[in-house]
Every structure is written in C-alpha cells, then in structure tokens.
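Colleague: Residue numbers (this note's numbering), protein chains in the order written: chain A, 1 to 354; chain B, 355 to 708; chain C, 709 to 1062; chain D, 1063 to 1416. Virtual Cβ for every residue (Gly too), placed ideally from N, Cα, C.
4 protein chains.
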Amino acid sequence: MAGSSIGTIFKLTTFGESHGVALGGVIDGCPANITLDIDAIQYELDRRRPGQSSIVTQRKESDEVQFLSGIFEGRTTGTPIGFIIKNEDSKSKDYDHVKDVFRPSHADYVYQEKYNIRDYRGGGRSSARETVCRVVAGAIAKQILKECSIRAYVSSVGALKVTKPYNELDFDNIEKNAVRCPDLELGKEMENYIKEVRKQGDSIGGIITCVIQNIPKGLGEPVFDKLDAELAKAMLSINAVKGISFGSGFEGTELLGSQHNDIILPGGNTVTNYAGGIVGGISNGMDIVFKVAFKPVATLMRDQESINTSNEVVVVQGKGRHDACVVPRAVPIVEAMAAIVLTDMFLLQQSRKL
Amino acid sequence: MAGSSIGTIFKLTTFGESHGVALGGVIDGCPANITLDIDAIQYELDRRRPGQSSIVTQRKESDEVQFLSGIFEGRTTGTPIGFIIKNEDSKSKDYDHVKDVFRPSHADYVYQEKYNIRDYRGGGRSSARETVCRVVAGAIAKQILKECSIRAYVSSVGALKVTKPYNELDFDNIEKNAVRCPDLELGKEMENYIKEVRKQGDSIGGIITCVIQNIPKGLGEPVFDKLDAELAKAMLSINAVKGISFGSGFEGTELLGSQHNDIILPGGNTVTNYAGGIVGGISNGMDIVFKVAFKPVATLMRDQESINTSNEVVVVQGKGRHDACVVPRAVPIVEAMAAIVLTDMFLLQQSRKL
Amino acid sequence: MAGSSIGTIFKLTTFGESHGVALGGVIDGCPANITLDIDAIQYELDRRRPGQSSIVTQRKESDEVQFLSGIFEGRTTGTPIGFIIKNEDSKSKDYDHVKDVFRPSHADYVYQEKYNIRDYRGGGRSSARETVCRVVAGAIAKQILKECSIRAYVSSVGALKVTKPYNELDFDNIEKNAVRCPDLELGKEMENYIKEVRKQGDSIGGIITCVIQNIPKGLGEPVFDKLDAELAKAMLSINAVKGISFGSGFEGTELLGSQHNDIILPGGNTVTNYAGGIVGGISNGMDIVFKVAFKPVATLMRDQESINTSNEVVVVQGKGRHDACVVPRAVPIVEAMAAIVLTDMFLLQQSRKL
Amino acid sequence: MAGSSIGTIFKLTTFGESHGVALGGVIDGCPANITLDIDAIQYELDRRRPGQSSIVTQRKESDEVQFLSGIFEGRTTGTPIGFIIKNEDSKSKDYDHVKDVFRPSHADYVYQEKYNIRDYRGGGRSSARETVCRVVAGAIAKQILKECSIRAYVSSVGALKVTKPYNELDFDNIEKNAVRCPDLELGKEMENYIKEVRKQGDSIGGIITCVIQNIPKGLGEPVFDKLDAELAKAMLSINAVKGISFGSGFEGTELLGSQHNDIILPGGNTVTNYAGGIVGGISNGMDIVFKVAFKPVATLMRDQESINTSNEVVVVQGKGRHDACVVPRAVPIVEAMAAIVLTDMFLLQQSRKL
C-alpha cells in the first residue's frame, strides 16, 4: 500500500501532477470482452473538464484520454488498461510566487513535511487535476454495472440548499445548468451566487448528494470493508471533501429507533429508507443515498498571510486559475468513485458464488 | 481482501460471532520489544463491556482477553499476536423467535441475501460484540503511539448536544459519568433521557467527537489512502455509524474561503483549525478532530412489523438485552479504530525514511 | 502485509509459536454454505501429526482443531473461520540450553537480528509446528475444490529416488508406508535409511513431488501473480524448502525447443507435458506437476560449534525431539499450500466472469 | 489483486502489450529525495534491449523510457512515478498467421481460455516485452539499495555449464560477452552453440545464477512472505522460468545435516553458505545465491503441428523475430526483480523499527 491504488479486484492506480507531462493510470482487473463506449468515457471527462462554463476555472485542457493497452478491437482483453491524459495548458510560471511559500489550507506545507520535497507547480500531486484519472476508471466501471444508475447532483452551495427529497427531483435537469443542481431555479441562484463570490476573490463550499439505484443486494464485505466504509473512504479521498453521511446521517442521530427503523415489506423493500440502502455494511436493494461535504476552495484571489519555507511570515498573492466553488465539477468525480467501489464490491461478491 | 482485516503494516484480522464459542483476532506487524501493559488493555475492554452501568445492556461478560502468541516474557516479539475473548453469557434461546424472522433495520435480511445462510443468534457476525476485538488491537496501538493522545467523548444524545468546542471541555470528566460526556451536567441529562427512552422500549442516536493530539506531521498516503479517508473507512466500519465529518465538516460548506482558510503561523501551527488537523489527506500537526454519527439502536422492546424467511408479514417481538443508546459504549471503539489507523499510517510513513 | 497472511479472496492468517498456549488461524473469504467434513480435516492433521510413526518426532500432540467461528449447524456461513490448536506436549525445558545460543542453520540468529527478541522455546514462531494451521486451511480448500485431485508424495530421500514418472505410480500406495513414497519397495529402503541416519544423530533431505489433476483451465493472474509464481511462493514459505521446479524444471534447460514444446491436440490437451500444466502463468488443463526440495533438518543429535548471544564460540548440544527427515510429514503441508493457492486463484478467476 | 502489481511498500504496476502503443508502469511508494541516475536506468534497459548483439532478436526498439511524473528537478518526490516505453518496431503483420492459431508452448491458448479474447499480435500481454517495465523499476530499486550488489550471470546454456562456484568467477567479465557468462571461454562456446541452434530454427534453455552481496540482515517477513518465497514468486513471474533454487537447492537434498549445516562464527558469518544467505525466510547477512531455470524459447523457425481456434489441426509456421536462447537478455530482468523484492522488504523492515 502506497496510496496510489484503490480497489482489490477492479483496481485503479493513478499517477501524475498538475503541471507534469501527463497524468494517467492503470485499471487492473477489468473483466474481458466489454465493448467500451469511448464517447461515454469522454462525456464524463467533459463534465469534469476545466473551462466548460463561465463559473469554473478557465484552464484550457482538452482532457482527451489516450488508451495505451488492455483494449483490442474495441473490447477489453482482461489485461491492464493503461491510459494517459496530457497536460496542455499548464502555466507553471503562474506558480513561481508560491515556490517558497506555503499557501493557507493548501497541501503545500504537509507535502513538504511528509516528503521533504514538493513539486510546487499547480499543487503538484495534491491538485484536483489528479481526479481526471478517476473519471476515466469510473466511466469504465459504469459500463460494467450497466444495469445500475449512479447519479450525483449539487444539493447545496453555501447556504443555498435543495430542500426536496431526491425522489421529487428531476434528474434530467442536472446537466441543464452549470451548477448541476436538479432544481433549475435554485441552480440559477447558486450560479449567480458563485459568480458573486468569485467577483470578490472568494470561494464557497457545497454539498453533493449521490443516489445509486438498481444495485444488487448483498454488496459489501463486513466487518471492515463494509460498502458504506468503502464508499466513505473513496469520497474522503476526493480533494476538499470534509464529510460524508448515509441515509439519515447526522440528522438521524436525533431520531428515536421507533421513528428511524425501516420496516421491511414482502420482497425486501422497506417502507422508509433511513438506512440509505446500506444495512450492516451490505446493500439491501433500496436506493443508496449519501451526501458529501466539500469545503470552500483554498485558493483565493486575495492576499493572505502565511509562511515561507524559511519559516518567515509572508503575504501570498491570489493568482492562478481556479474554481470559486468546486461542487459543479465534482459531481462526475463523486459518481466515478462510487462506480469504482461498487464494481469492485460486485466482482468480489461474485467470486464467492460457487 | 475478504473484509475481516484492516491495516497494511499494522494489521488486525478478527473473527467471531455474538453467540459463538469465542471471538478473537490476530494483530500482525506489531513492532517487537514493546512491553505490553495488560491492565491498560483490560481497562479499554472494561470501558466497552456490557453491564458496566445501568444504561447499557445487562449481558454479563467478563471480556477478559487471552493472548495466545506473539508475546514473550511480557514483550511483543514481532510475530503475530493471536488472542481470544470467550462468550460467557450468550442466551441463544432469546433469539429463537428471530430464527426465521428479519428484524427491521438489523443486518438479518442482508446477511441472508449475501450469504444465503446466517447465524441468527444475537445477530451472529453482524453483532457489535465483534468490536471487542478492535478494542484489544486499539489498546495495543495506543501503546505504540504513546506520545499521542486519542480521546473521544459523547457530544450528543438525540437533541441534547455539547455546544462548547472541545478545547473548552475537561476531558477528565469523560470517565466520570455513564454517558461519557465531558460536560457533567449535560451528561446527567443525557443519562436521564436514555433511561426514559429505554423505559418506553425505544432507542436513540447520538454523536461522538474524537480529538487526537500530539500526532506527528506527515501521516496519510495520498491520493487514495489519505489519513481522513482511512479514518472515515475505519469509523464507518463500526456498527450503527451513518456519517463522519472532519473539522468544519458539513457546517463548513456554508463558509466562504476567506472565513475557512487556516492561516499558517511560523512553526506550522494554524490560527484556526477548520481543517481538523488534516490537509490534503496528511496530518499537519494540529489537533485532528472529527465527529461520528450513530443511528438509534435497531432493537426495540416493542412489537414491530416485518417479514419472515417465507416472505410473509409477521410481528417481531422486542426481546433480548440491548443498549438503548450505543454512544457511551462506542467511545472506546472510536478511539481504538483511530489508534489502529494512526499506527498503521505512522509505520508506513516511517518505512520510507531512508 | 506483515507476513502472516496468504491469499486475496481466500485468505489464511496464522499465529502461534511452538511452545505457546496455542496456534491458530483465521480463514477469511471462505464461500458460504459448504458442509464441512470435519473428519476429513482431522485426517489431514493426522497425516502431519508428530508421533504418527517411528521415523518422526515423538512429541505427543493430539492436534485437534477447535473451530471458534464461521460455521453454523455444520455449514460455513461466509464469515471468518477462526480456529485454534492447543499445544499439549511442549517441553520448554528441553530448550533451556539454547536460550542464549544460536543453533546452526536454525532461524534463532536471524530472528534475533530481525526482531531483537525471540521466543527460543522450540524455535518459537520459526518452528514447523506453525504449519499445522496451514493444514487446516488446506483441508477446507480441498473441500471447495472437490472436483480437483491434489496429491503429493515423497520422490526422494537423500540419494534414494523414485525414477518412474508419476503416471506410472500407484498413488494408493502413498499412505501405505511411513515415508509416503508410492513405490513401496523404495519406501521401505527410504524408511530404513532414515532410521540409520537418525541412529547416527544425523538428518537427511528429500524431495516431494506434487500432482494436481482435474483443475480448471485459466487459473493464474499474469503478469506477477502467475499460478506457478504463487505456488512457488507458497512452497518456499514452508520450512526447510530450498527450491521448486515445474514440469521439466532444471532438466528442461538442457533441451531444445523442438524437444520441449508441447504440441496441442484438438480439445486442448498436449502430447507431452513439459510445461507441467502451466503456460504463461495460467493453467492449461493438463496435470500440474512440480517438485519441492527440502534441505536436511537442522537439528542434529550431536554436538556442533556455534556462537551465543554474547558472540562467543560455544558448543550446542543435540537435544529435543525432532524428525531426521522432514519430507514424510511435509507431504500434507505441500498439498495444503497447493489447495490454498488454487482455491484463491479459482475464486479470483470466477470474480471476473460477467 | 489483479496480477499486474508487485510489492507492498515499493509497488510496481505494469501495463502494455507487445504490439500496443506503449508499455508502461507506475512505481508507487518510492522514497522521496533520491537523485535519479537516468543513465543508469537506460543502461539496464540497454542490457535487456532487442538487437543488442547478433544472438538476440533483431526487433529494433530504442527502449527509451519516458518519465511522466514523480520526479521533480531530478529527484523523486515520493509521489507515484509513471513512465512509458513506446513500441516502435512492432510488425504486427508478422502475426497474421497466428491470429486464429495457438502456437505450441505459447500462452495463446491459455489466454483465450482465461479471457475468451486475446491480442494475438506478438503474444500481446504474454510477451516478454512486458519485462521492459520491470527493468525500469529494478534500476530505480538498485539506486535505493545502493550499498548492495545484485549481480546475475548465465551459468548454463543447454548442457554447457559454469562449474566454478560464483566466488571464483570474475563478475567484470559478465558484460564482456554477448551471453553474459563470467567465464569468457565458456561464454564463447555458448555463443557459438546458440548460433548453431538458431541456424537450425531451434531454441535452447539455460540457467541464470544471481548473487546478492552486502544486503542487510533481517529482511523477509515470515511465515508467508519469507524473503526466499518473495524472490521465488518474483522469478517465477518472469517469462519462461520453470524453477528456482536457493543455496544448495535440489543438490542439497542429498546431503546429511552434518554436511549441510552452516556453522556460525562470531559476528554472524557462517563457515559454509549452503543456506544461500536466507535462513527461516530471513536474510542472515551472507551472500544470497539462487539459480533460475529458463526453458527453451517456444518460438521455433520451423513448422509445428497445433490447433486453431476452430479446434482443427493446423501447421504453425515459424515466423517473427525471436531469441534462440533467452538467458542473455534475462540477466538484467532477474537482477531487476531481485532489486524490487529486496527494496520492498527493506522498506517493510524499516517500518517496524521504533
């Protein structure tokens, strides 16, 4: 274990820095004979891509994935799928001013402490640009779990919150607005708010809700590799995530058991779904529902105090190209990580059926 | 990966069911030459033990750990530490009534779906009794990280919440009340509330806050095995946990970056600690702070509707011995899982220092 | 990874020392609903047991396995199978004389160097007594792969060698003699030779041949976890093993490709089987055949020079109860390790079949 | 585990097929701040490269490695090192004749059976071209273990064998002849013999001996991840390898314990080294010595009978560019795999030192 891999049977290993030659990865353990829909993969990458709308970073990256192995005549061969995504618009000079400086709430300082060296350009390995590789693997995972629907959406930006439960929302609206909020009116408000925040050189946090439907019962490997535990790990591994909750989550702690218990009906469905589709770490066939909290982006277009590598107080200037709110672009990343975890758990569960 | 192990260098594997002969585990990769404080291990077990106070389950278990290997003349030898804890007071007959029935919000149904067989006595493997093994390993891990302080406490029961920040609380109070709330007055209220809930045959949820102090900088293995990601997985693997948040958590999503950024001071400390001690998945030397949400216990002393193994609607009676609120006994479990993860990350970090 | 586990899907973790309270293990990932034949497990343990014949160590151990979990009403439940085997006849006093001494060609010295502490009684963790746990797991693995035949036999003791190819031998003879040689006449010679060697306080090496029949095609995970690579690792992890070869092995290096190539017939069988049933790291459906070399036992009933923990030259006396030749008792261990590896590879292969 | 990774702390994951766009890999867990000697890496690649002499395949590949990440200003950063090696001279048309045919003793048949699809061009993933990635990682590993000497050499080609023990050979001679035999006279004979065999459209096997000097004591993780077990797995994962033996190996099985025991001298050195530097699965500080058996190359420049994908008997023609004997080019691969295993074991051992 050295941190760059996730999954046991369906395993993704990634590499690459924000301003290096290329990012890339290896997907090992992908079942053979899957006819890959390359357009669908690119579609997911486009949803994560910088420059896709006026509220996201304007770094220009085509983010085209180049597959180097593991695919033959359009189908997976069961051998490792190697791929790269080139960095095209890395303006490393934009980062000369942070070469010797640790930006507040960025990973600059901890990378220096951990490794005693860091590639300061664009945050190096700690940049969210790394998630581009996750989206590739997630898009392939979605094609393995093709019966299953994995949909994420922005449920809050700052204090602006979707109040309706997910099953009263029209998921077709998600891709119809720059924020990826299924409530179009609220989405417009969120968009304006993000623009306002950006104008002030500031940033804002938000929440993404993820809903997974039509997933087989029985996924998850207690007692440590429970389905919710694996999803939690996967989500917390995404940049800027500070929390996750399943089903009733933190609010559920205020309920009595008599309110919270999900009564089981013949066939196995439950009347309510406070559990969020996972009981005892195993999927029960109901919709899996969880929320992921993203802190405000650390990069501000303002001056901030901090220290430099000589341990002196300095002023860090606000430079570079960044999102003022990360959640719109994080939606496909959340979906990708969910797809990777579910595929791994699905294959694992399948292995034991004699 | 088959679900019963956690950790890479410091690895715990557990086995055992609620009403089997014994539970136990193997701790592999424990450094050699640690003089084990067996009393300190038993102390942690006693904090988790049933029957310790009037608000917890009255099942009578001495929960004495028997070490079978890996220790010689009081010191660890570097070889695997095998241990067992016998089940003494398992009243399996109490569970005859659920032999063919799936209790609501219990894991009965999903275990049947996943494995097509289940040990129904006391929930079998899905029982929280399994966590006794985690506490053993956690108590040893604490002795490895002896410079470090890992303290958890009950910060809410239902709507009763500790409102003071952790650094205004007296942690010495935690063990002075049955609920393990550092605010003794509130702890008394919580205790009374739990008794009231129990009297009604009901249960209630709660939140545990965990504070880790004096931990080395640089722990955590990006990009997938980040420290917060590993802690999240570990916590979500505990029975009844539905969410986790670090630092500012879900509340932090409403803040602006200019409010939320933690300004770094010479030496590396930060003015604020919205990050909760982890930035970019790596410890920054500040206190690690996280909250864990526990749902209300599923077992009620009431009749509830459900289905049986023949897919018929039945009434499940409320029987057995259970906690009405799980958080008081879960405090040492949260600490144990934190200690296991931190020890693993500490040893991993150490491996790379040439 | 800390050394005490083997397998990914079907995973065995062991613990225990030669003279500790008990040895034991955890089998994680065993498929559910297997009706275990406990007698068949005990049969394998009896084949490995000390005191089974006049040519093996006379330590008296009943070697009865006690299962603690993972089995309900005679069937596996899919949860981890914990088990222990108690040490009954450990005469630790026999080892007082080696407390401060490093026996030649034993692991005493390297354990001290590695861990800076060692349980010197009976070799502690480095004793072959540890393999008792492997036999338990192997016996269960055999019941999973019930179509498959895994047979090992002694093919040489010192210079006494079985010259016939395996398919001209009668495997029913293996258990008919104390040496486990399928050639009964040669087996008698071997037995006498071992007795002679023992009488002189000496020991002798030998070779075990293993033949696996009726194994599915397609097992093995290139490019690193090839079937032969995994078997090699498993065999080299057995005490006293110094080499392994598959099919034509070392002798095959002298052949021309035109002699060595196995011509494929319709249906996939090959005319010859120089490959030993594994090509490109994957089973091809032919018999898997490999040989495992065991060095002579290090314990001699003679005085030998060595050093003590103070780095002084000392004379080590020959004491304790030991085998003069390890191969007769190693036959079930080789089979067990093969069964564990094959089961793991079988489950892994199964996981990817959509 | 999906087969394309090796190592726990220092972990290599590879991808790529013989005739794909590129091969490549990810080295995860490399310690930070190592100033990489890129020339030394290229030197190892050149030793493995096709076309380097008249006795090896004439495929023309520059085999230049391109690093994509993990290195900053010449030093490793502790983040994953991604790299690719492009395929330049893949004459896929040479393989049209085997599209529907299974070549004898090649992996064509088993890949089809395992995955139900295969990239037939040049053997696809089963080609030894994949080992180019191992050499890159091994060359970096050598730079981590810079105190340690890892030298391999050809000790036999067919029946032509080096008879002198390794410590009477001049290792400086290894690179002075095309065969990589330290006995130059014998090397010339071997070279001529290989040319003769090739002229006849045939191939021949051979043995490589590996000697590792100045390795720390205490490496290896009993009881399953013993140093010899890990080395065995690593070597058996190399194409065409059919066996491995340590120290006295198979010959040692004929010795008495009184002949075979290595008497320990003050300081820990032993008089003899029958153990081959590894006792109880742990390095004892003596030279590690092992032999690796390679079968004759399967590709012959002759017609051979086989079957096609329609299960019909066909004649396979001898085409393509191949080595008649694989051992000269396998020398750097054996060294690379040894370096990878030792580095991983070294870092693992270091992790536990408190």
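#1: Spatial neighbours of D/E1150 within its chain, please: CB distance less than 8 Å, with the 5 preceding and 5 following residues excluded, ordered by chain position.
#2: Against C/S1059, what residues of chain A qualify as contacts under a CB-to-CB distance less than 7 Å, listed in chain order?
#3: Measuring straight from C-alpha to C-alpha, what distance separates D/V1303 and B/M699?
#4: Could one say the Cβ of D/Y1177 lies closer than 9 Å to chain A's Cβ atoms, at least one of them?
#5: Tell me the DSSP secondary structure of A/I174 in three-state form.
#6: Runs of 3 residues minimum, wholly inside the stretch 780-823 of chain C: which ones carry the beta strand (DSSP E) assignment?
#7: Chain D partners of B/G432, CB-CB under 9 Å?
#8: Skipping 5 residues on each side, what residues in its chain have a beta carbon closer than 6 Å to that of B/F421?
#9: Can at least three beta-carbon pairs, one atom from the stretch 1005-1024 of chain C and one from the stretch 904-912 of chain C, be found at a separation below 8 Å?
#10: What residue does the alpha helix (DSSP H) around A/G257 start on, and which one ends it?
#11: Below 8 Å on the Cβ atoms is my contact criterion, and I expect C/A849 with C/I1048 to pass it. Report the Cβ-Cβ distance as a whole number of Å.
#12: With C-beta atoms as the reference, is A/P266 less than 9 Å away from B/N665?
#13: For A/D46, report the span of its beta strand (DSSP E) as first-last.
#14: May I ask you to report which of helix, strand or coil DSSP gives C/K950?
#15: Flag this pair as yes or no: are the beta carbons of A/P31 and C/K1061 separated by less than 9 Å?
#16: Can you name, in chain order, every residue of its own chain whose Cβ lies under 8 Å from the Cβ of A/I263, other than the five neighbours on each side?
#17: Apart from the five residues just before and just after D/I1236, which ones in its own chain have a Cβ nearer than 6 Å to its Cβ?
#18: Determine, using beta carbons only, whether C/D827 comes closer than 9 Å to chain D.
#19: Out of B/I409, B/G560, B/K468 and B/G597, point me to the one whose CA is closest to B/P650's CA.
#20: Is there a C-beta anywhere in chain C that falls below 9 Å from the one on D/D1324?
#21: Verify the CB distance criterion: does B/G383 have a CB-CB separation below 9 Å to chain D?
#22: My output table needs one value for D/E1313: the three-state DSSP class, helix, strand or coil.
#23: Taking 8 Å as the cut-off, does the stretch 540-553 of chain B touch the stretch 586-601 of chain B (at least 3 CB pairs, one atom from each stretch)?
#24: Kindly identify the DSSP beta-bridge partner or partners of B/E659.
#25: Would you check if the distance between the CB atom of B/V577 and the CB atom of A/G7 is smaller than 9 Å?
#26: Note down, in chain order, every chain A residue with its Cβ under 9 Å from the Cβ of B/E666.
#27: Contact between the stretch 187-194 of chain A and the stretch 149-169 of chain A: three or more CB pairs below 8 Å?
#28: At 7 Å on the CB atoms, spell out the chain B contacts of C/T1017, in chain order.
#29: In three-state terms, what does DSSP make of C/Q774?
#30: Check whether the Cβ of B/A386 lies closer than 9 Å to any Cβ atom in chain C.
#31: Among all the DSSP beta bridges, which residues are the ones paired with B/V508?
#32: Confirm, please, whether the CB-CB distance from C/E929 to C/V844 is below 9 Å.
#33: Taking the alpha helix (DSSP H) that D/T1193 falls in, what are its first and last residues?
#34: List the whole-angstrom C-beta distance separating D/G1200 from D/E1397, where the pair is believed to meet the contact cut-off of C-beta under 8 Å.
#35: Can you tell me where the beta strand (DSSP E) with C/F998 in it begins and where it stops?
#36: Does any C-beta atom of chain C lie closer than 9 Å to the C-beta of D/Q1275?
Modeller: According to the structure data:
#1: Within the same chain, D/E1150 has close Cβ partners K1122, E1123 and S1124.
#2: What C/S1059 touches in chain A: I9, L347, L348, Q350 and S351.
#3: The straight-line gap from Cα to Cα measures roughly 37 Å.
#4: With respect to chain A, the C-beta atom of D/Y1177 has a partner C-beta closer than 9 Å.
#5: Shown here, A/I174 sits in a helix according to DSSP, grouped into three states.
#6: List check, beta strand (DSSP E) in window: 789-794.
#7: Ordered by position in chain D, the residues that pass the 9 Å Cβ test against B/G432 are R1414.
#8: F437.
#9: Touching, yes, given that three or more Cβ pairs across the two stretches are closer than 8 Å.
#10: Segment G257 to H260, the alpha helix (DSSP H) holding A/G257.
#11: A Cβ-Cβ distance of about 5 Å is found for the pair C/A849 and C/I1048, placing them in contact under the 8 Å criterion.
#12: A contact, by the Cβ cut-off of 9 Å.
#13: Per DSSP, A/D46 belongs to no beta strand (DSSP E); it is in the alpha helix (DSSP H), I38 to R48.
#14: Of the three classes helix, strand and coil, the one that applies to C/K950 here is strand, per DSSP.
#15: Closer than 9 Å, so yes.
#16: Excluding sequence neighbours, A/I263 sits near T270, V271 and T272.
#17: So the list reads Y1215, R1242 and P1244, once near-sequence residues are dropped.
#18: No, C/D827 lies away from the interface with chain D (no Cβ there is under 9 Å from its Cβ).
#19: Out of B/I409, B/G560, B/K468 and B/G597, B/G560 has the C-alpha closest to the C-alpha of B/P650.
#20: It does; some Cβ of chain C falls within 9 Å.
#21: Closer than 9 Å to some Cβ of chain D, the Cβ of B/G383 qualifies, so yes.
#22: Residue state, collapsed to three classes: helix.
#23: Short answer: they don't touch.
#24: Beta-bridge partners assigned by DSSP to B/E659: B/V669.
#25: Against a cut-off of 9 Å, the Cβ pair of A/G7 and B/V577 comes out as no contact.
#26: In chain order: P266.
#27: The count of Cβ pairs closer than 8 Å, one atom from the stretch 187-194 of chain A and one from the stretch 149-169 of chain A, reaches three, so the stretches are in contact.
#28: Within chain B, no residue comes near C/T1017; the closest Cβ sits about 15 Å away, beyond 7 Å.
#29: Strand.
#30: It does; some Cβ of chain C falls within 9 Å.
#31: BP columns for B/V508 point to B/I562.
#32: Going by beta carbons, C/V844 and C/E929 fall outside the 9 Å limit.
#33: Per DSSP, D/T1193 is one residue of the alpha helix (DSSP H) stretching across T1193 to I1206.
#34: Their Cβ separation, rounded to whole angstroms, is 6 Å, which keeps D/G1200 and D/E1397 in contact under 8 Å.
#35: Looking at the DSSP string, the run of the beta strand (DSSP E) that includes C/F998 is I996 to F1002.
#36: No, D/Q1275 lies away from the interface with chain C (no Cβ there is under 9 Å from its Cβ).
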